[in-house]
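**Student:** Here the working numbering is used: the first residue of the sequence shown is 41, the next is one more, and so on. Where a beta carbon is used, it is the ideal one built from N, C-alpha and C, also for glycine.
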Amino acid sequence: MTPTLDRTLDEIGWQLLAELQQDARTPLSELGRKVGLSAPAVAERLRRLEDAGVIRGYRAELDLSRLGRPMQAWIRLTVDGHRDDLFVRHAQTSPEVLSCDRVTGTDCYVLRVAVADVAHLERTITALKAFGSPVTSLILSSPVTRRDVERPS
Numbered sequence: 041m042t043p044t045l046d047r048t049l050d051e052i053g054w055q056l057l058a059e060l061q062q063d064a065r066t067p068l069s070e071l072g073r074k075v076g077l078s079a080p081a082v083a084e085r086l087r088r089l090e091d092a093g094v095i096r097g098y099r100a101e102l103d104l105s106r107l108g109r110p111m112q113a114w115i116r117l118t119v120d121g122h123r124d125d126l127f128v129r130h131a132q133t134s135p136e137v138l139s140c141d142r143v144t145g146t147d148c149y150v151l152r153v154a155v156a157d158v159a160h161l162e163r164t165i166t167a168l169k170a171f172g173s174p175v176t177s178l179i180l181s182s183p184v185t186r187r188d189v190e191r192p193s
């Protein structure tokens with residue numbers, strides 16, 4: 041970490057991150073009350089964390105079932121080398137793809153997809169076959185959906 045980031049990620053900085061991970065919509069005045077700062081001081085701290093790239097954005101957590109995408113799956117994909125750039129563009133523009141990670145090992149990528157039903161999943165897998173060999177695992181449940189990042193000991 042840089043000296044500036046070290047100062048920004050002091051005890052109060054970590055407290056702010058913990059609060060925002062629980063509810064990113066917490067008003068600045070409430071955050072300030074919880075960490076012992078004024079709302080303008082909290083705003084300045086958050087701006088520095090954003091400028092440093094520690095806070096990359098604020099997002100809503102969505103219920104995919106209520107949005108017509110109740111089925112999720114992990115798809116491991118081994119991509120033919122010359123198709124890599126085409127695959128990345130495909131993944132970036134496919135609405136079914138929630139995340140796509142390049143990985144080590146036999147697979148090249150691991151994707152998390154959300155689809156409406158089995159037919160939609162089949163179309164998604166078929167589209168991926170243009171780039172390589174997909175292996176699919178349906179997600180039955182998610183005992184850990186999100187974990188907050190805590191200050192290292």
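What is the residue span of the beta strand (DSSP E) that Ser177 lies within?
**Tutor:** By 1-based counting over the sequence shown, the position of residue 177 is 137. Its beta strand (DSSP E) spans residues 172-178.
**Student:** With a CB to CB cut of under 7 Å and the five nearest residues on each side skipped, what residues in its chain are close to Leu107?
**Tutor:** Position 67 of the sequence shown, counted from the start, is the residue given in the question as residue 107. Cβ neighbours of Leu107 beyond the five flanking positions: none.
**Student:** Alpha helix (DSSP H) containing Thr166: first to last residue?
**Tutor:** Taking the sequence shown and counting its residues from 1, one reaches residue 166 at position 126. Element bounds for Thr166: 158-168.
**Student:** Relative to the C-alpha of Arg116, which candidate in Ser78, Arg191, Leu86, Ser139 has its C-alpha closest?
**Tutor:** For the purposes of this step, residue 116 is taken as the residue at position 76 of the sequence shown. With distances taken between Cα atoms, Arg116 lies closest to Ser139.
**Student:** Are the region 96-105 and the region 116-130 touching, with three or more C-beta to C-beta distances below 8 Å?
**Tutor:** At 8 Å Cβ cutoff, the stretches do not touch.
**Student:** With distance defined between alpha-carbon atoms, name the residue in Leu178, Thr66, Thr118 nearest to Ala79.
**Tutor:** The count along the sequence shown starts at 1 and reaches residue 79 at position 39. Selected option, being the one with the closest Cα: Thr66.
**Student:** If I measure Cβ to Cβ from Arg85 and keep anything under 8 Å in the same chain, skipping five residues before and after, which residues do I get?
**Tutor:** Along the sequence shown, one-based indexing puts residue 85 at 45. The residues are Thr48, Ile52, Gly53, Leu56, Leu77.
**Student:** Relative to the C-alpha of Trp114, which residue among Arg186, Thr164, Ala170, Gly121 is closest?
**Tutor:** Here residue 114 refers to the residue found at position 74 when the sequence shown is read from its first residue. The shortest Cα separation from Trp114 among Arg186, Thr164, Ala170, Gly121 belongs to Thr164.
**Student:** Under the rule that 16 or more other beta-carbon atoms within 10 Å means buried, what is Arg109, buried or exposed?
**Tutor:** For the purposes of this step, residue 109 is taken as residue 69 along the sequence shown, with counting starting at 1. The residue is buried, with at least 16 neighbouring Cβ atoms inside 10 Å.
**Student:** If you check the beta carbons only, do Asp141 and Val150 fall under 8 Å apart?
**Tutor:** Here residue 141 corresponds to residue number 101 of the sequence shown, with the count starting at 1. Here residue 150 corresponds to residue number 110 of the sequence shown, with the count starting at 1. Against a cut-off of 8 Å, the Cβ pair of Val150 and Asp141 comes out as a contact.
**Student:** Figure out for me which residue from Pro192, Arg187, Ser193, Arg191 has the closest Cα to the Cα of Gln62.
**Tutor:** Your numbering for residue 62 matches position 22 in the sequence shown. Here the closest residue by C-alpha is Arg187.
**Student:** In this structure, does DSSP put Ala58 in helix, strand or coil?
**Tutor:** On the sequence shown, position 18 is the one that residue 58 refers to. Note: Ala58 maps to helix in three-state DSSP.
**Student:** Of all the options Ala159, Leu71, Val155, Arg191, which has the alpha carbon lying nearest to the alpha carbon of Ile179?
**Tutor:** What you label residue 179 is simply residue 139 of the sequence shown in a count that begins at 1. Closest option to Ile179, Cα to Cα, is Val155.
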